[in-house]
Each structure stands twice: as structure tokens, then as C-alpha cells.
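This report refers to the structure that appears directly beneath it.
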Amino acid sequence: MRLAKRVSTLKPSATLEINAKAGAMKAEGIDIIGFGAGEPDFDTPEHIKKAAIDALKKGYTKYTPVSGINPLKDAIIAKLQRENRLTYNREEVMVSCGAKHALYNIAQAMFEEGMEVIIPAPYWVSYPELILLSGATPVFTDATEEEGFLLTVEKFERAITSRTRALILNYPSNPTGATYDLDTLEGIAEVAIRHNIFIISDEIYEKILYTDFHHISIASLSNKIKELTILVNGLSKAYSMTGWRIGYVAGQKELITAMNNIQSQSTSNPTSFAQYGGVDALNGSQDEVLKMREEFRKRRDYIVRRLNMMKGMSCFNPAGAFYVFPKFSHYYGKLFKGHPIKNSIDMTEYLLKEGRVAVVPGITFGADDYLRLSYATSMKNIEEGLNRIEEALTKLE
Ligand code: PMP
Ligand code: GLU
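Per this note's numbering, residue 36 is the first one in the sequence shown, and the count goes up by one each step.
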């Protein structure tokens, strides 16, 4: 079959693919420990589920406005005001089918051939593909572990050309867990304002942050940078609601209107009763969010310590999110039964087959020396999975 050119090089999401692969092996009865997709292992808090069930019972099972119901928009507006010190009105926010869909809408509404979008590596797997689908060109900057895996103001400025339209910032970051402090955000904002570059600020992990400073939305630094910022967030990670598919965007009215048109011709509204659950997630008690974060923190401390104790390994201490991004390149070039492990893809396959552990290769995040492990799984699994990794590594010579 002849398919459209735009899909000829389109890659599936590596993280979801690993999840599917590990799931299929489990279904065959193979005992796999999954450090693959980033999906909190906790149940959605009860009060949120109850709100969605109540909505179903009340008959809220019909189309809603394309850009989301007003109670959810109002809850988002109140949240952005309360937690991020940002003021938006209803015409400046929009609900989509997950943050990924929000990012897709943004790319379709803003970008086209001839434009460049800067993506700091290591980056989340979907950014380059979403940009390519729009016809624009992703331009990568690299950040080393020594730089804390963060974009520097200098590297940002150096990557800018006359075609640069936007920068994608994601903090706390997937896959590194790194996050920006006020100084760096101010520096980035200053450069963006000077060159008139939009910032797509993906803040989906903002509530999973272990630092003693709070998450800072770059849009809150000044009115000028707010005008250039498209803030992306969603309920998947903070409230363990990955399957509900509720994400949102806040930005200029003109952009929101264009995205609304795209959504009205593609998905229509996000699921009606999921939106009602979303209202309760944002307006209701945040106790469960804090409990989940504390559990993630314990796991992070354990996993970072264990990985750093393994021979030849180094593991950056993430400030947030639920991923670690340890460096495995010490083992590249080593052999297993005569076969060389050359890169992160070989290492991922080796760990899956020999170690029965699913991880995601660093190359899919633009950093081949590394592997990503999600610690959104139980402490018991983490302990067992790390034992398996340690044992598998000792078999390499
Ligand atoms: N941004 C980042 C950085 C992510 O890790 C994810 C995880 N899927 C998303 C966006 C999209 O999340 P969702 O579509 O589930 O809201
Ligand atoms: N964002 C998660 C991850 O990176 C979920 C998978 C996906 O949406 O690609 O693992």
C-alpha cells in the first residue's frame, strides 16, 4: 500500500513499544520486570474516580464543547493562578486528549516546512516526531551529564537561526529528571524575548519534584515571556490518570482558537466523564499526590544508590519525575557469548533477553550512552530488577 510521505519515516513511541514488548513476554509467561514506560503504578485516587462515575450516572455521556467543559477550564485557570501565579481566561486554555495530543495540536497549529524548533537533548521521545509530522525541522542541542543534562543559555542562543520558531522545554525532564532553577529560566527567557522565539513549556512532571525549591513556570517570569509561552500540562502523571487522556494547554487566544479548530476536525472533545473526573483532580484534595511523590522519592533514593554502586556505572540524581538515566557505556564493546554489545539498543535487548528486565534505550532520547529506567513500579520490583541488571552485567566480558 502506498502511504503518505509524512509517515514513511515516522517512528512509533519507543516507550510505548517497550511496554508492549514486555507485556507480550509477560503474557507468554516470561517473568519480566518492567522499567519501561513512564506510567505511575498507583491507582487513580478514589475521589477522582467517584467524580467520573457520578458524571456517568448523571448522564454526562454526550459531546462536550470541543475545547473542554467550563468547570474543567475554570479548574485549570484556578490551578494556574494558585500554583503557578499565572492568569488566563477561558479563551486562553484548552483541554485535549492527553498532553501528547496537546503537543500535536500545538505543532500542527504553529509549525510548517522551513521552520526550526529547538529540542534540547536528552529529550522525550515524541518531540522530534511531532515536529517532523508538522513539516518543520527539529534542531537538537546536547547537554552533558556535567551540565546537569540542562540546556545552557549559551547553547540555546547558538542554536538560533533566522528560521527558529520555538524551543521545547521540559522540566522536570523525561528522561533525566533534571529541572531548571530560576537563574537559568531567566536567562532562557531573556534570549527567547530578544529573538522572539516561542517556548513550549511541558510541565507535566511539575508535581513530582524532590527539590527544596518549587517548580517555576517560565511563563510566570514576565508578561513578555508569558506571551511567548505555550504551557502544556496534564493529569496523567500527577494524578496517576494515564488512561483517562486529559491534558491541557494555556497560551495566546489566537493559538488556542487555531488548535480548537484542529481538534474540532479530528478528535472533537476529550471524553466527557474523564473531564468531570479531571475537575475533581484539580479542585479536590492533593493529599494523594503528595503521598505518591514521597513514595517516588524513596524509590529514587534507593535506585540511584544501587546503580551508583554497580561496577562501571554512574547515575545522575534526578530532581524530579520518575526516571533515572544511568550511563551504561562502560559496558559497550563488551561481549556476551562472543556477541558485542555496541550501543544502547544492544544493551536494552540484552537486558530484556538475558536479564528479563525492560528498559528504554538512551538513543531514543538522543543520548546513546544511557538507558532510561522508570521507577514507577513497586520497591519489590525495583530491588529484583536491579539484582537482575547487576547479574546480567557481570556476564559481559
Ligand atoms: N510530555 C512528557 C514529557 C511525557 O513524559 C509525557 C508522557 N506520556 C507526555 C508529555 C504525555 O502525557 P499524556 O499524553 O499521557 O498526558
Ligand atoms: N511518557 C511516558 C514515557 O515516556 C509514557 C509513554 C509515552 O507516552 O510515550 O514513558
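For each residue, glycine too, the CB sits at the ideal point set by N, CA and C.
For this session: Give the DSSP-derived three-state secondary structure of F184 in the structure shown.
Result: Looking at F184 - three-state DSSP - the assignment turns out to be coil, as it is neither helix nor strand.
Exercise. Cβ of I239 versus every heavy atom of ligand 1: is any distance shorter than 7 Å?
Worked result: Set against 7 Å, the gap from the CB of I239 to the closest heavy atom of ligand 1 is smaller.
Exercise. Roughly how many angstroms separate the alpha carbons of T292 and L115, rounded to a whole number?
Worked result: Taking the straight line joining both Cα atoms gives about 20 Å.
Problem set entry | S271 Cβ short of 7 Å to ligand 1 heavy atom set | Judged by the Cβ position, S271 qualifies as a neighbour of ligand 1 at the 7 Å threshold, a heavy atom of the ligand being closer than this.
Problem set entry | Beta-carbon separation (whole angstroms), T199 vs I232, contact threshold 8 Å | About 6 Å separates the two Cβ atoms, so the contact holds.
For this session: Compute the minimum distance between the beta carbon of L51 and the heavy atoms of ligand 2, and state whether it is under 7 Å.
Result: The nearest non-hydrogen atom of ligand 2 is less than 7 Å from the C-beta of L51.
For this session: Hey, could you find the ends of the alpha helix (DSSP H) V226 is sitting in?
Result: V226: member of the alpha helix (DSSP H) spanning L217 to H230, first to last residue.
Exercise. For H250, which three-state DSSP category applies?
Worked result: Residue state, collapsed to three classes: coil.
Problem set entry | Reduced DSSP category for R41 - H, G, I as helix; E, B as strand; rest coil | Looking at R41 - three-state DSSP - the assignment turns out to be helix.
For this session: Determine the contact status of G282 and S131, defining contact as a CB-CB distance below 8 Å.
Result: Yes, the Cβ-Cβ distance between G282 and S131 is below 8 Å.
For this session: May I ask you to verify whether the stretch 348-360 touches the stretch 384-391, counting CB pairs closer than 8 Å and requiring at least 3?
Result: No, the stretch 348-360 does not touch the stretch 384-391.
Problem set entry | For M382, three-class secondary structure by DSSP | Looking at M382 - three-state DSSP - the assignment turns out to be helix.
Exercise. Hey, would you say L202 sits closer than 8 Å to F191, going by beta carbons?
Worked result: In contact: L202 and F191 (Cβ atoms closer than 8 Å).
For this session: Taking V284 as part of the beta strand (DSSP E), name the residues at either end of that continuous run.
Result: DSSP places V284 in the uninterrupted beta strand (DSSP E) bounded by G282 to A285.
Problem set entry | Sufficient close CB pairs (3 or more, under 8 Å) joining the stretch 101-114 to the stretch 155-174 | Verdict: no, contact absent.
For this session: May I ask whether a heavy atom of ligand 2 can be found less than 7 Å away from the beta carbon of N296?
Result: Checking the Cβ of N296 against ligand 2 gives no.
For this session: May I ask you to check if the CB of S208 is nearer than 7 Å to at least one heavy atom of ligand 2?
Result: Result no, Cβ not under 7 Å from ligand 2.
Problem set entry | Cβ-based neighbour list, A342, same chain, cut-off 6 Å, excluding 5 preceding and 5 following | Before going on, a small fix: residue 342 reads as Leu here, not Ala. For L342, where only same-chain residues beyond five positions count, the Cβ hits under 6 Å are M348, C350 and P361.
For this session: Within the same chain, show all residues whose beta-carbon is closer than 8 Å to that of K261, passing over the 5 residues directly before and after it, in chain order.
Result: Same-chain partners within the cutoff: L121, A254 and S255.
Exercise. Under the three-state reduction of DSSP, which class applies to T32: helix, strand or coil?
Worked result: Only positions 36 to 432 of the chain appear in the structure, and residue 32 is not among them; the question remains open.
For this session: Put Y337 into one of helix, strand or coil per three-state DSSP.
Result: Of the three classes helix, strand and coil, the one that applies to Y337 here is helix, per DSSP.
Problem set entry | Backbone secondary structure at D109 - three-state DSSP | In the structure shown, D109 sits in a helix (DSSP, three-state: H, G or I).
Exercise. Taking the DSSP output, what are the residues bridged to V23?
Worked result: A question about residue 23 goes unanswered here, because the residues of the chain that appear run from 36 up to 432.
Exercise. Mind checking whether the beta-carbon of N205 lies closer than 7 Å to any heavy atom of ligand 1?
Worked result: For ligand 1, at least one heavy atom lies less than 7 Å from the Cβ of N205.
Problem set entry | Cα-Cα separation between P207 and K272, rounded to whole angstroms | P207 and K272: Cα-Cα distance of roughly 12 Å.
Problem set entry | Backbone secondary structure at V314 - three-state DSSP | Under the three-state reduction of DSSP output, V314 falls in the helix class.
Problem set entry | Rounded separation between E151 and R41 - CA only | Cα to Cα, E151 sits roughly 17 Å from R41.
For this session: Pick out whichever of A316, T264, G313 and I338 has its Cα sitting closest to the Cα of I141.
Result: Cα-wise, what sits closest to I141 is T264.
Problem set entry | Three-state class that DSSP yields for L270 in the structure shown | L270: coil per DSSP, three-state reduction.
Exercise. What residues in its chain sit with their C-beta under 7 Å from that of V314, if we drop five residues either side in the sequence?
Worked result: Cβ neighbours of V314 within its own chain (closer than 7 Å, five residues either side excluded): A86, P106, L107 and A110.
Problem set entry | Where the alpha helix (DSSP H) through D89 begins and ends | In this chain, the alpha helix (DSSP H) harbouring D89 covers E81 to K92.
For this session: Please confirm whether I251 and L217 have their CB atoms less than 8 Å apart.
Result: For I251 and L217, yes; Cβs fall inside 8 Å.
Problem set entry | Residue of S307, S409 and G149 minimising C-alpha distance to P100 | P100 has its Cα closest to that of S307, out of S307, S409 and G149.
Exercise. Do the stretch 229-245 and the stretch 410-428 meet, that is, are 3 or more Cβ pairs less than 8 Å apart?
Worked result: With the cut-off at 8 Å, the stretch 229-245 and the stretch 410-428 do not touch.
Problem set entry | Sheet register partners of T264 (DSSP bridge) | DSSP lists I234 as the bridge partner or partners of T264.
For this session: Return yes when the C-beta of V160 is under 7 Å from any heavy atom of ligand 2, and no when it is not.
Result: Flag set: Cβ of V160 near ligand 2.
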